[in-house]
Structures are given as structure tokens and as C-alpha cells.
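A.B. asks:
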């Protein structure tokens, strides 16, 4: 019996070793190193030049205008984008699970499409569309006679953020909708039949039956969206690189901009890592608090 | 048996409004992507002249320029290389690990390792990237194929293990026992009997990892500065940054389409699987 256990132990260790070691060394361990590096003042090159400054980086962060501005940008994306995506996601998911709708799978795949494509490509596509000289948006405005509304959309913070939020929603809606559709499909049809017999109309069915029964799935969706919002990077980096004048940075783009960016040349590794750690704490903290507040009983069918 | 769905057979006003919103939304997607594809065949003068006119003739040379001068062929080749090796490593090592992590759960330490790996799915990429950059710079792994491949394997391993372990859990114990009674070694049982039974899981994981790696840009942008080693997304970004100083816009359009097309094709063939895989971890049960 002992020999068998020994054999199984050795077998397990051997089988799990390659995957585990790659994961540990090239992902988990660097992740943990961040906590230490965030207390450094360092440019990442000469280990002798490391200055340990404890929480100094974090103190600087709280006074850093660009960082605070970036934080607000993240919040704007999460809140405004969140409202839009929840509204559209529920609208589409609810509609595209009805029986008497034609072209359901066409719509579903067209909505999901942006999510499966490289965000770099999407960002560049929208940069083209928003280009002041040859872009589609200004072109359409010109065609319908609203030339005065033309502008350099990505050249000012307000309009740039608005478009960033829009593109983020456009990119993410497929994921959100698919999640919600899966949730709706798990609701037993008896509920809907009973409602139909009682003569309820669409709106009543949605608000009194569908929505309450989607609560668990909605919670998951909110968590995913908010976390993704805190980590917003691709759309911003490709479309504006955080500009103009660092006004559209998100925390994640600012982190890269300050540390490993060759254009900027800053290489403030310690500071950048501090941003990463702050971001991580933000994400974990949010998840924790959110789960605490939504700890009602599981939905009983 | 009746399928679960919303049942209401009257076409209401709200339905009409929703349909209109849907159409508008979907046309945004179709028109923007369509416009980019159409413009990629224009010449640079036509681009600035009139954005709506169809191109006089199809300027395929835009694609040739993007492919050669714009280095798209290098980026494409790199991505394929990264893809093949990373997918192989992820699938093989991932299966091996997932199998034992499920099969030998009786050992307490196995459970801990499983949690350790799965927890990786909630770690944001931004956390690991700077220390990785520093380490790679020190040991000379920046701008190397080996470095990027190892990184990709590490990053996508948690999700791979997560999905595969779900599939391995469905393999009935009796079949393995029967094989072992017949004298097969543990590894042979794994490789020749259990693995074929989880084929759908392997397919799912390969498709999803394929998309993730194809579209990956974050680590590549940070850890690779040498154009010759860049994968597609990072390379396209690089191309864009150069273009903003150069003037070959339509070439850049072509570059974007080159990046989009394979994913579009993959997407239309495999929509269901992709959508399912993407939400796999999200909904419990």
C-alpha cells in the first residue's frame, strides 16, 4: 500500500511539475516581486542603484495629478460605460432570447464580433473613423450638413473620453450579452408560461421575472466589468496613448507610460510598480467589498 | 421537452424599438469594418478626397506594401511561431497537470497546488509585467522567442488548467481502473485512454488560447522592442506609431485588415465555441 502511494506521489509531482514551474517562475513570482519593487526608487538597470523608500512611492501617487486624473478616467469608464453596457446588454439579451424574433443568431454574432478581435486592430479602426481629415464621423457630419460639429475628436479630453467609453462598450457588449443570455436561458420556462397565462406584457415579464432571477449572473457581470474597467488599457493606449497632455490616461496606461516606455524614457520602475500594486489592491478590495454587500441568499428557483 | 426561452407571441411597441436599436448597433459594426476594408483598397489620394466613393481600382499593392515594407509578414510569421509552440506546450503540460490535479485530489497538497494555479486567473497582467521586464533585461530574455513563449505559457496556463480539469473530472474512474488492472502504466493510461476522452476539452482550450495569443499585445509591447520579433498586434501598433510620422495611411488600413481577417474567419466558423469558452469561467455550475 505504501509503495502504491509513493508511486502515485511521484507520478503526480512529475506530471504537474512542468506546468507549475513555468507558471510560478514566469508569472506568479514576478507578480509577488511587484510588492517589493514598489518600495524602490529604481530605473531597473543597476541593482546597486536601488533606493528603498518604503511607502514613498505611494505617498507620491496620492499627490500625482496625472495619476489622480487617471483614476477619475477609470471611474468614468466604469460608471458611464457600465450604465450603457448594462442597459444595452440586458436589452439585447432579453430580446435575443425571445421565440418570435428572426435573425437571432445573426444579431448575436454581430454583437459578439468585436470581442473576439484584437483590441489593437479595433482601436486603430476607430482612430481611422475618428480622424479629423478622412474619418467617417466627420465625413457623415459633412454629408448631412452639420459641418460645424466637426472636430478633432481625440484631441480634447472630453470628447476623447466619450469616444473611449463608447469603443470600450462596443468592444465588451458581446461578452456581457452572452453572459446574460446564458443566465436567461437557465430560467425555467414555467415562469414565463405562468406570466403569459396571467396576461402579463413584455415589460412586466422583464422587470418582475427575468431581472430578479438574473441577480446572480448580474453580480458576476458587474464584477467582471468593473475589474476590467479598473484595468482599462488597450483602447486608451492605442487611440490616444493617454494624450493629449496625459489627460486621458488610465491608471494602467500611466503605469506603462512611466516605467517601460521608450518614447517617454522615464523608466521609473519603482513608481510604475507601485501603480500596479495600487491597482491590484483596488481590484481585490472592490471584489471583496462587493461580494460582502451582495451576500444575500442564492436565488431559489 | 420545451426549450427554456422568453415566450410572448405579440409584437409589442417595445420590441419594435429594440429591433431598431439592434439594427443601428449592428450597422455601426458593419459600416465601420466595411469602410476600413473598402478604404484599404484605395490609394492615399482617394483617401483624402472622398471617403465614400468606391476605389477606382483595387489597390492590392497596399497589401503588398504592408506585408513587405510594413513588416506584416514578419509579424505574421512571429505570431504563427509563438502560437504553435505555445499551444503545444500549454496543451501537453496543461493536460498532464490538470489530469493529476483532478485524479489525485486525495492528497491535500494537490488541492493547494490546484488553487494556486487557478488563482492566477484573477491576477491582473499589469502586476507581473514590470518585474518580468527587469528580470528579462537582466538575464537577456528581452526580445527573444524563448522569453515570450515561456511568458505566454505561464500567463495562459491557469485558464487552460481550469477548463481542462473540468473535462478530466468527467472521465469515469472505472475505465482507468480497468486499464490499470490490465497492466497499463499510469502514464499510458493517461495518454492512451483518458486523453482521447477529453478531446472536446482540448479543442475548446486550443481555440480559446489561439484567440488569446493571436490578439495578445500587452506583454509583447513591453517585452519586445525589436521589430523582427514582434507578434501581430504589437507589430501593428508599431506600424501605426511609425505611420503617424509617415504618410502611408492606406497601407496601415491594409495592415489592420490583415490582422482582422484570420480572426474574422475563425470567428464565423466557430462562434458558438468561442462564446461558450469566453463565459466558461464566469457562470458557476
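Protein chains in written order, with the numbering used here: chain G, 373 to 673; chain L, 29 to 313.
The beta-carbon is built from N, C-alpha and C at its ideal position, and this holds for glycine as well.
Report yes or no: do the stretch 259-266 of chain L and the stretch 238-246 of chain L share at least 3 C-beta pairs separated by less than 8 angstroms?
C.D. replies: Touching, yes.
A.B. asks: Establish whether the CB of residue 644/G and some CB of chain L are separated by less than 8 angstroms.
C.D. replies: Position 272 of the first chain, counted from the first residue, corresponds to residue 644/G. Residue 644/G counts as touching chain L.
A.B. asks: Could you run through the stretch 150-165 of chain L and flag, in chain order, every residue whose CB is less than 7 angstroms away from some CB of chain G?
C.D. replies: For the stretch 150-165 of chain L, which is checked against every Cβ of chain G, the residues closer than 7 angstroms are 151, 152, 154, 155, 156, 158, 159, 160, 161, 162, 163 and 165.
A.B. asks: For residue 149/L, count neighbouring Cβ atoms within 10 angstroms of its own Cβ and tell me buried if that reaches 16, exposed if not.
C.D. replies: For the purposes of this step, residue 149/L is taken as residue 121 along the second chain, with counting starting at 1. Exposed, because fewer than 16 other Cβ atoms sit within 10 Å of the Cβ of residue 149/L.
A.B. asks: Is it the case that the stretch 485-493 of chain G contacts the stretch 596-615 of chain G, given that we only count it when at least three CB pairs across the two stretches are under 8 angstroms?
C.D. replies: As far as the Cβ criterion goes, the stretch 596-615 of chain G touches the stretch 485-493 of chain G, which means the pair count is three or higher.
A.B. asks: Find the residues of chain L that neighbour residue 573/G, judging by a C-beta separation of less than 7 angstroms, and give them in chain order.
C.D. replies: Reading the first chain from its first residue, position 201 is the one you call residue 573/G. The answer, in chain order, is 40.
A.B. asks: Bridge partners for residue 423/G per DSSP, in chain order?
C.D. replies: Residue mapping note: residue 423/G aligns to position 51 of the first chain, counting from 1. Note: residue 423/G sits in a beta bridge opposite 413/G.
A.B. asks: What three-state label does DSSP hand residue 435/G in the structure shown?
C.D. replies: Position 63 of the first chain, counted from the start, is the residue given in the question as residue 435/G. Residue state, collapsed to three classes: helix.
A.B. asks: Between residue 669/G and residue 587/G, what straight-line distance do the alpha-carbon atoms span, to the nearest angstrom?
C.D. replies: Along the first chain, one-based indexing puts residue 669/G at 297. Along the first chain, one-based indexing puts residue 587/G at 215. Its pLDDT being 49, under 50, residue 669/G is placed unreliably in this model, and the value from its coordinates should be taken loosely. In a straight line, the C-alpha of residue 669/G is about 11 angstroms away from that of residue 587/G.
A.B. asks: What residues from chain G crowd round residue 145/L, counting only those whose CB sits closer than 8 angstroms?
C.D. replies: Along the second chain, read from residue 1 onward, the residue named residue 145/L stands at position 117. Those are 391, 392 and 395, listed as they occur along chain G.
A.B. asks: Residues in the same chain with beta-carbon distance under 7 angstroms from residue 620/G, minus the five sequence neighbours each way, listed in chain order, please.
C.D. replies: Counting from one through the first chain, the residue named residue 620/G turns up at place 248. The residues are 445, 529, 532, 533, 536, 608, 612 and 614.
A.B. asks: Step through the CB atoms of chain G and report whether any lies within less than 8 angstroms of the CB of residue 83/L.
C.D. replies: Position 55 of the second chain holds residue 83/L. No - not a single Cβ of chain G is within 8 angstroms of the one on residue 83/L.
A.B. asks: Within its chain, find whatever has a CB closer than 7 angstroms to the CB of residue 666/G; leave out the 5 residues flanking it on each side and keep chain order.
C.D. replies: The count along the first chain starts at 1 and reaches residue 666/G at position 294. Here the set comprises 591.
A.B. asks: Could you check if residue 228/L is buried or exposed, using at least 16 other CB atoms within 10 Å of its CB as the buried criterion?
C.D. replies: Mapped onto the second chain, residue 228/L falls at position 200. Exposed, because fewer than 16 other Cβ atoms sit within 10 Å of the Cβ of residue 228/L.
A.B. asks: Ends of the alpha helix (DSSP H) at residue 531/G?
C.D. replies: Here the question's residue 531/G lines up with position 159 in the first chain. It spans 529-557 - the alpha helix (DSSP H) in which residue 531/G sits, taken as one unbroken run.
A.B. asks: So, helix, strand or coil for residue 244/L, using DSSP?
C.D. replies: Position 216 of the second chain, counted from the first residue, corresponds to residue 244/L. In this structure, residue 244/L counts as coil in the three-state DSSP scheme.
A.B. asks: Within 8 angstroms of any Cβ in chain L, is that where the Cβ of residue 584/G sits?
C.D. replies: One-based indexing of the first chain puts residue 584/G at position 212. So no, residue 584/G is outside the interface.
A.B. asks: Would you mind stating whether residue 616/G and residue 507/G have Cβ atoms separated by less than 8 angstroms?
C.D. replies: Start at 1 with the first residue of the first chain, and residue 616/G comes out as number 244. Start at 1 with the first residue of the first chain, and residue 507/G comes out as number 135. No, the Cβ-Cβ distance between residue 616/G and residue 507/G is not below 8 angstroms.
A.B. asks: Compare the beta carbon distance of residue 757/G and residue 186/L with 8 angstroms and say whether it is the shorter of the two.
C.D. replies: In the structure as shown, chain G starts at 373 and stops at 673, and residue 757/G therefore has no counterpart that could be examined.
A.B. asks: Closer than 8 angstroms, CB to CB, is residue 63/L near chain G or not?
C.D. replies: To locate residue 63/L, count along the second chain from 1; it is residue 35. Judged by the 8 angstroms Cβ criterion, residue 63/L is in contact with chain G.
A.B. asks: At 4 residues or longer, what runs of the alpha helix (DSSP H) sit wholly inside the stretch 120-170 of chain L?
C.D. replies: Fully enclosed alpha helix (DSSP H) runs of 4 or longer: 136-147 and 153-167.
A.B. asks: Is there a Cβ from chain L that is less than 8 angstroms from the Cβ of residue 610/G?
C.D. replies: Walking along the first chain from the start, residue 610/G turns up at place 238. Taking Cβ atoms only, chain L reaches closer than 8 angstroms to residue 610/G, which makes this a yes.
A.B. asks: Would you verify that the beta carbon of residue 193/L is, or is not, closer than 8 angstroms to some beta carbon of chain G?
C.D. replies: Counted from its first residue, the second chain places residue 193/L at position 165. Not an interface residue.
A.B. asks: Taking any Cβ of chain L, which residues in the stretch 492-523 of chain G have a Cβ under 7 angstroms from it, in chain order?
C.D. replies: Here the close residues are 492, 493, 496, 497, 500, 501, 505, 506, 508 and 511.
A.B. asks: Just checking, does the stretch 63-71 of chain L make contact with the stretch 275-286 of chain L on the three C-beta pairs under 8 angstroms criterion?
C.D. replies: A contact exists between the stretch 63-71 of chain L and the stretch 275-286 of chain L.
A.B. asks: Below 7 angstroms CB to CB, which residues in the same chain sit around residue 197/L once its five sequence neighbours on both sides are set aside?
C.D. replies: Against the second chain, residue 197/L aligns to sequence position 169. Excluding residues within five positions, the ones whose Cβ falls inside 7 angstroms are 130.
A.B. asks: Note down the Cα distance separating residue 482/G from residue 54/L, rounded to an integer number of angstroms.
C.D. replies: Within the first chain, numbered from 1, the residue matching residue 482/G stands at position 110. Within the second chain, numbered from 1, the residue matching residue 54/L stands at position 26. So the alpha carbons of these two residues sit roughly 6 angstroms apart.
A.B. asks: Could you check whether residue 226/L and residue 199/L sit closer than 8 angstroms to each other, using their CB atoms as the reference points?
C.D. replies: Sequence index remark: in the second chain, residue 199/L carries index 171 (1-based). Sequence index remark: in the second chain, residue 226/L carries index 198 (1-based). For residue 199/L and residue 226/L, yes; Cβs fall inside 8 angstroms.
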